[in-house]
Structures are given as structure tokens and as C-alpha cells.
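Asker: One structure follows; several queries about it will come next.
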Amino acid sequence: MAKRDYPEKELSTLITEFESAMKECRAAVSSFFKAVSTMKLNNNNRRDVAKEADGALDALYDICEQIFKLEDVAESAAGFTINDDEEKVAWNFIRTAKSVREKVEVLQRVVKNYLKAAETPDLASLAGEELEKEIKEFNKNMSGLEERGGEFLSMLRSKYEKARVGRLP
Numbered sequence: 004m005a006k007r008d009y010p011e012k013e014l015s016t017l018i019t020e021f022e023s024a025m026k027e028c029r030a031a032v033s034s035f036f037k038a039v040s041t042m043k044l045n046n047n048n049r050r051d052v053a054k055e056a057d058g059a060l061d062a063l064y065d066i067c068e069q070i071f072k073l074e075d076v077a078e079s080a081a082g083f084t085i086n087d088d089e090e091k092v093a094w095n096f097i098r099t100a101k102s103v104r105e106k107v108e109v110l111q112r113v114v115k116n117y118l119k120a121a122e123t124p125d126l127a128s129l130a131g132e133e134l135e136k137e138i139k140e141f142n143k144n145m146s147g148l149e150e151r152g153g154e155f156l157s158m159l160r161s162k163y164e165k166a167r168v169g170r171l172p
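Sequential numbering of the sequence shown, starting at 4, is according to the working numbering.
Put into C-alpha cells, the structure is as follows:
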């Protein structure tokens with residue numbers, strides 16, 4: 004690892020960016036779930052379903068954007084890792100974030116299918132089941148992201164404290 008002039012400042016910035024992106028990601032996830040629940044409640048009114056599907060898709064795009072930011076912060080922070088355990092925490096988070104992003108892309112396709120199927124009762128039922136299944140998997144992936152994110156943030160804060168008191172090599 005190269006010697007850095009102001010590691011505590013860099014780490015502080017990374018922590019702030021990470022916390023901000025996680026907060027925005029959580030807000031987008033909340034918006035997505037709100038739009039989906041409203042979309043399912045209004046499944047008899049095509050116009051309302053379309054409006055809420057657009058809201059759900061917008062929220063999914065926002066989630067992707069925040070996950071890209073989280074990955075960027077994690078990749079930048081990987082330069083501060085000194086031992087294998089720290090590097091493992093950083094790269095586990097990055098892998099988890101990529102997995103969530105892939106699940107978001109699947110959800111985007113499923114929401115679009117749900118919108119197309121809303122006109123036909125039989126198809127709407129199948130699309131609704133598929134949506135429920137993908138949402139459950141997405142929830143599981145988001146829980147993993149939260150868990151890995153907590154580990155990653157703890158590591159960053161520990162690094163920051165060490166840098167602040169001059170004990171970062």
C-alpha cells in the first residue's frame with residue numbers, strides 16, 4: 004500500500020459517501036416497495052398500474068445508481084486494506100453489491116412483464132406470482148447487502164480511528 008498524505012481525510016470522505024449512498028439506497032428500496040404494493044392493490048385499473056409500475060422502475064433505477072456508488076466507494080477503500088481479512092471484507096461487500104444489482108435488473112424485467120400482463124387476468128396472476136418470488140429473493144439479497152455493508156463500514160471506521168491517531172501504517 005502506498006503512503007498517503009492525509010489518510011484520515013480520505014477515509015472520512017469515503018465513510019460519508021458510503022453512509023449517504025446506503026441511506027439513498029434504503030430510501031429507493033422503500034419507494035420501490037410502496038409502488039409495488041400500490042400497483043398490486045390497483046391491479047384492476049390499468050392506468051394506475053402503469054403509473055405505479057413507472058414509480059417502481061424509477062426506484063429500481065435509483066437503487067442501481069446507489070449500488071454503483073457503493074461499489075465505487077468500496078473499490079476506493081480497498082486501497083486502505085492492509086491484511087487479508089480487511090481485503091476480504093471489502094471484496095465480499097463488492098460481490099454482494101454486484102449480486103444485488105443483478106437482482107435489481109431481474110426485477111426491472113419482472114415489473115415490465117407485470118405491466119404487460121395486467122390486461123389479461125390469467126397472465127396477471129402468473130406475473131404477480133413471479134413478482135412476489137423475485138421480491139423475496141431481492142429482500143434476501145438486500146439483507147445481505149445491509150449485513151456486509153455494516154461489516155464494511157465498521158472496518159472503514161476502525162481504519163479512520165487508526166489514521167486519526169496516527170497508527171495507520
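Note that the Cβ used here is the ideal one computed from N, Cα and C, for glycine as well.
Can you tell me the Cα-Cα spacing of residue 122 and residue 128, whole angstroms?
Answerer: On the sequence shown, position 119 is the one that residue 122 refers to. On the sequence shown, position 125 is the one that residue 128 refers to. If I take the Cα positions, the gap works out to 11 Å.
Asker: Nearest to residue 67 by alpha carbon, out of 131, 102, 92?
Answerer: What you label residue 67 is simply residue 64 of the sequence shown in a count that begins at 1. Of the listed residues, the one whose Cα sits closest to residue 67 is 102.
Asker: Buried or exposed: residue 143, going by 16 or more other Cβ atoms within 10 Å of its Cβ?
Answerer: For this step, residue 143 is matched to residue 140 along the sequence shown. Counting Cβ neighbours within 10 Å, residue 143 comes out exposed, since fewer than 16 surround it.
Asker: Excluding the 5 residues preceding and the 5 following residue 154 in the sequence, name in chain order all residues of the same chain whose CB lies nearer than 8 Å to its CB.
Answerer: As a working note, residue 154 is residue 151 in the sequence shown. Only 92, 95, 96 meet the Cβ criterion.
Asker: Out of 111, 98, 168, point me to the one whose CA is closest to residue 150's CA.
Answerer: Counted from its first residue, the sequence shown places residue 150 at position 147. With distances taken between Cα atoms, residue 150 lies closest to 98.
Asker: Closer than 7 Å, CB to CB, is residue 96 near chain C or not?
Answerer: Included in the structure is just one protein chain, with no chain C present.
Asker: For residue 152, count neighbouring Cβ atoms within 10 angstroms of its own Cβ and tell me buried if that reaches 16, exposed if not.
Answerer: Taking the sequence shown and counting its residues from 1, one reaches residue 152 at position 149. Answer is buried; the Cβ neighbour count reaches 16.
Asker: Indicate whether residue 45 and residue 52 have their beta-carbon atoms separated by less than 7 Å.
Answerer: As a first step, residue 45 is located in the sequence shown; it is residue number 42 there, counting from the start. As a first step, residue 52 is located in the sequence shown; it is residue number 49 there, counting from the start. The answer is yes: Cβ separation under 7 Å.
Asker: Short check: CB of residue 137 to CB of residue 107, under 7 Å?
Answerer: The sequence position of residue 137 within the sequence shown is 134, counting from 1. The sequence position of residue 107 within the sequence shown is 104, counting from 1. Going by C-beta atoms, residue 137 is not nearer than 7 Å to residue 107.
Asker: Could you tell me if residue 70 is buried or exposed, where buried requires 16 or more neighbouring beta carbons within 10 angstroms of its beta carbon?
Answerer: Walking along the sequence shown from the start, residue 70 turns up at place 67. Per the 10 Å Cβ criterion, buried.
Asker: Within this structure, are the beta carbons of residue 163 and residue 60 separated by less than 7 Å?
Answerer: Here residue 163 is taken as the residue at index 160 of the sequence shown, counted from 1. Here residue 60 is taken as the residue at index 57 of the sequence shown, counted from 1. Their beta carbons are not under 7 Å apart, which means residue 163 does not touch residue 60 by this criterion.
Asker: Over what stretch of residues does the alpha helix (DSSP H) that includes residue 122 continue unbroken?
Answerer: Along the sequence shown, one-based indexing puts residue 122 at 119. Unbroken run through residue 122: none, as it is neither H nor E.
Asker: Going by other Cβ atoms of all chains shown within 10 Å of its Cβ, with 16 needed for buried, is residue 168 buried or exposed?
Answerer: For the purposes of this step, residue 168 is taken as residue 165 along the sequence shown, with counting starting at 1. Result: exposed.
Asker: So, under 8 Å CB-CB, residue 73 and residue 145 are touching, yes? Tell me the CB distance rounded to an integer number of Å.
Answerer: Indexing the sequence shown from 1 puts residue 73 at position 70. Indexing the sequence shown from 1 puts residue 145 at position 142. Not quite, the Cβ-Cβ distance comes to about 12 Å (not below 8 Å), so this is no contact.
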